[in-house]
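The structure appears below as C-alpha cells.
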Ligand code: BZD
C-alpha cells in the first residue's frame, strides 16, 4: 500500500498514519478540538451529549485510518471475499465497542474523567442502531464482529432504514409504538454520494433473436430509483482489521424534485416522486417470523439486492478475471430468504447483460450462494404472488420460470412420473393466485443450505425441505449452530465478570478463543473466587433493580431470585405460559398461611419484548403481564415474595444490562419451533441458569454444560405432531392447575376478563396449538425445582461457574470459522502488524 503512495504526498501520509491520541492527554486534546471545531460548541456548555459526540468523533478518526488500510489490504490481496446479505443488522451502540476494539478504553475513561464525565454516562448517550427485529438481525451483527475479529475479508450489505424498529411505550398496560428516528446525529456512517446505483422497477420485456439464433431479452421502461451507499466501519477485536457494512438509501433518480412540475404550479406532485422513492428505505418492517406479502417489502428486497450485486459485480470486473472465476472470488450468504432475488439478479446480469450461456451462468450462480434458514414456522416462509412479481419485476419472473423449468426437468429425470413430487418441490405454487416460493428458489440457487442449531437443521431435512434432500442428496444440507460475540456479550455487558475471568485465565485472550473459559473450572471450589462471582451477580442485580425503580416505580429486592424472559413476544415463545405460571404462583401464595408463606422463595418475574404492531394476541399477552403486575405488586400480603415487572422497549443496550442480572432465564418455546435462540447463550455466558424446553440450541447447551446445570421440561419435538392431532381429533382437557388460573382471570382478578379471553380460548377452545396446557404441569414442577436449587446458594454458584466454563463452543468466532470452511471456502487474510 505504502509503495503506491506518490512521492510528493508520502511524507504527509506517513505522519498522518501515526497521528491521533497516544495517551490520555492526546485523547483530551482531540475531544476538545472536536467540541470546539467540529461541533462548534464552547467547552463551558459541553454536556454529556456533546461529550459523547466528541468522544465518538475522536475514536472515529482512529477507526477510519484502520478501515482505509484494511480495505486497501483486501483490494491488493485480491483474494476471495464473503458478502453477508441481510435485511437486518441489529447493531446496538457503537462507541463502547469501538473503544474496546481500538484498545484505548482506559485512555478514554481517564480522559473523560479529567473533563468531568463518567465514561458510563457518556456511553449511555448513544441511540441504539436498531435496524432489526430480533435474533436474526442480532446474529448478523455478531457475525460482522467475528468476521472482522478473525481477519476475514467480508462486507455486510443491508438497507439504511430511516426508522429502525419502533420504540415501545407501555401506557395503561398497553403497548404503544413510537417511531424510532435514529439518524439525528450518527457519527458512525459515511455517506458515499459518489457510490450510487440506478435501480429499475416495473416496465416490460422485449425479446429478439440475434444472428446466432440466440434469444436476447431486454427489460425496458418502468421507473428508476437511485441507491446511495452509506458505509459503516466494523472494527475487529485485537486486530487492525476494520471491515465495511454498506447500507443503501433510496433517492429519486433525478435527485431533485421535478422543476417542470414545480414551475407549472404543480407543487404537490413535484415532491411526490421524490417522496415515493425515499419511501423504499424509510422503514424496517416490524414483523419477526411472519410474512405479510406487502409490495413495498418486495420493492425493498429488490432495491437492496440489485444495488449490492451491482456493487459486487463492479468490484469483480475490475480484476479482469474470467467469469468462471467469480465463485473463487465471491461468496454470498443469504440471511434467510429475504435476499433470494439475488440469485435471479445474478443470473440476469450474467445472461442478459454479460451474454453468458444459461448453463455457464447458472453454475456460477449456484457455486456463489449459500442460504441460511432461520425458521420452520409456515407463516414465516416467504411467498410472493405471481401477479405482483409480473408487475414489479417482469424479467425476473421470466427467469424464475426458466430456472424452475430446468430444475423440474432434472427432478423428473430422477423421479420419472412422480407428479406429486414435482408439484411439491416446484418454485411456483399452483394456488390462486400462483405464488413464488422463495425458500425453494433459495435452495435451488445455492450450493449449501444450513439450519442454525442441530435440532433445527435435522428438522428442515425431515419436514419442510424433505423432498429436496431426495433431489439433491443430503450433503447439500448442513448445520452451523449459532454463536454470539463474547466481546459485547461478556466483556462489554459484564466488565467485572470479564475481569474476574481474565484474572484466572491469565489475560483477556479468552475473548479471542472462548474455549479458554474452561480454565476457570479449576477455581470452582476456590472460596474467594466463588465469593466474588456471587458478588458480581448481586451488583448486576442491584443495577437492574435501580433501573426497574426508575422506569416502573416498583421496588424489587435484589436478593430475590430474578427470573427473566426477554425476547420478541410470540405465541410460540410462550410468554403466555410464563405469565400463567406467575398467576399460579400468586394463587398458591394467597392460599398459603403466613407461616407457610415464609418458606417460599421470593421471586421477581421480569418480562420484556416488543409485539409486532398487528399481532393482536402478542399485544394481549403484554397487557396481561402488566395487569398481573398491577395487582401483585400492590398486594401487601405478598410483599417481596413476588413481583412482576414488564420492562419497556427491550433492545440491544437494555439487553446488555438485563442479561448479566439474571438468575434464571426462560427459553420455553414449544419444542421444534425455536430454530436456535441466541439469548439462551448470552444468559449462560453471564452466569445465569436457564429453564427451557428441548428446543433449538438449548439442546446443545445442555450437552456442553451438563444436564445437572439446566432445568429442562416439557414435551419433545418428535411428539408434538401427535399431540396436536389428539387436540383436534381426540379428547382435549385443560390441565387442572391451568384451569384454576383461567378461573381467576375470568373472575376479574386482573381486571376486565374479556381483555384476556383470546389467550384463554386459544388453549381451551382452539386446539392449543402451542401445547401450553400439555407442558404446564411439567413447567410448574420444574419451577419448583428452580426455587429449591436457588435456596442452596452454594450449589447454585457451582452450577453457574461450571456452566460459564463450558460455554466456549457458543462463540460466533467458532460459528464463522465453520461457515468459512464448510460453505464459503474462505481463508483469513493474515496481517503482519497484528496487535
Ligand atoms: O433467528 C430467529 C429465530 O427465531 C431464532 O431461533 C434464531 O436464533 C435467530 C438467529 O438464527 N429468527 C428471526 O429472528 N426472524 C426474524 O426476525 C424475521 C424477520 C423478518 C421476517 C422473518 C423473520
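In the numbering used here, the protein residues as written are -11 to 823.
For glycine and all other residues, C-beta sits at the position ideal for the given N, C-alpha and C.
Determine the direct distance from the alpha carbon of residue j to that of residue i, and round the result to whole angstroms.
i: residue 509; j: residue 667; result: 23 angstroms
i: residue 209; j: residue 464; result: 39 angstroms
i: residue 512; j: residue 776; result: 21 angstroms
i: residue 111; j: residue 553; result: 25 angstroms
i: residue 798; j: residue 264; result: 43 angstroms
i: residue 770; j: residue 702; result: 9 angstroms
i: residue 491; j: residue 790; result: 17 angstroms
i: residue 591; j: residue 522; result: 17 angstroms
i: residue 298; j: residue 185; result: 7 angstroms
i: residue 637; j: residue 314; result: 44 angstroms
i: residue 77; j: residue 199; result: 48 angstroms
i: residue 830; j: residue 207; result: This structure gives no information on residue 830, because the portion of the chain shown stretches from -11 to 823.
i: residue 496; j: residue 130; result: 19 angstroms
i: residue 803; j: residue 360; result: 13 angstroms
i: residue 338; j: residue 462; result: 29 angstroms
i: residue 148; j: residue 218; result: 7 angstroms
i: residue 829; j: residue 114; result: Here the chain covers residues -11 to 823 and nothing more, so residue 829 does not appear.
i: residue 698; j: residue 452; result: 30 angstroms
i: residue 274; j: residue 601; result: 7 angstroms
i: residue 410; j: residue 291; result: 31 angstroms
i: residue 109; j: residue 124; result: 29 angstroms
i: residue 823; j: residue 0; result: Its pLDDT being 44, under 50, residue 823 is placed unreliably in this model, and the coordinates cannot settle the point.
i: residue 483; j: residue 391; result: 52 angstroms
i: residue 203; j: residue 343; result: 10 angstroms
i: residue 806; j: residue 817; result: 16 angstroms
i: residue 165; j: residue 159; result: 10 angstroms
i: residue 619; j: residue 737; result: 8 angstroms
Taking C-alpha atoms, which residue in the options lies nearest to residue i?
i: residue 145; options: 194, 288, 22; result: 288
i: residue 607; options: 784, 153, 283, 163; result: 163
i: residue 662; options: 497, 562, 761; result: 562
i: residue 912; options: 160, 792, 37, 818; result: One cannot answer for residue 912 here, as it falls past the ends of the chain, which runs -11 to 823.
i: residue 328; options: 525, 424, 460, 624; result: 424
i: residue 272; options: 174, 578, 117; result: 117
i: residue 223; options: 505, 807, 476, 808; result: 476
i: residue 389; options: 403, 632, 417, 406; result: 417
i: residue 705; options: 658, 665, 72, 729; result: 658
i: residue 460; options: 396, 352, 285; result: 396
i: residue 545; options: 514, 629, 581; result: 629
i: residue 364; options: 377, 560, 566, 796; result: 560
i: residue 212; options: 708, 295, 157; result: 295
i: residue 168; options: 528, 66, 157, 489; result: 157
i: residue 215; options: 226, 231, 204, 236; result: 236
i: residue 324; options: 808, 631, 127, 12; result: 127
i: residue 541; options: 621, 708, 750; result: 621
i: residue 700; options: 712, 730, 653; result: 653
i: residue 614; options: 627, 138, 597; result: 597
i: residue 551; options: 201, 679, 450; result: 679
Less than 6 angstroms separating the Cβ of residue i from some heavy atom of the ligand BZD?
i: residue 662; result: yes
i: residue 542; result: no
i: residue 655; result: no
i: residue 276; result: yes
i: residue 440; result: yes
i: residue 121; result: yes
i: residue 466; result: no
i: residue 251; result: no
i: residue 558; result: no
i: residue 281; result: no
i: residue 470; result: yes
i: residue 124; result: yes
i: residue 181; result: no
i: residue 666; result: yes
i: residue 127; result: yes
i: residue 606; result: no
i: residue 368; result: yes
i: residue 362; result: yes
Looking at the strands, I want to know which residues DSSP matches up with residue i.
i: residue 208; result: 192
i: residue 155; result: 166
i: residue 323; result: 360
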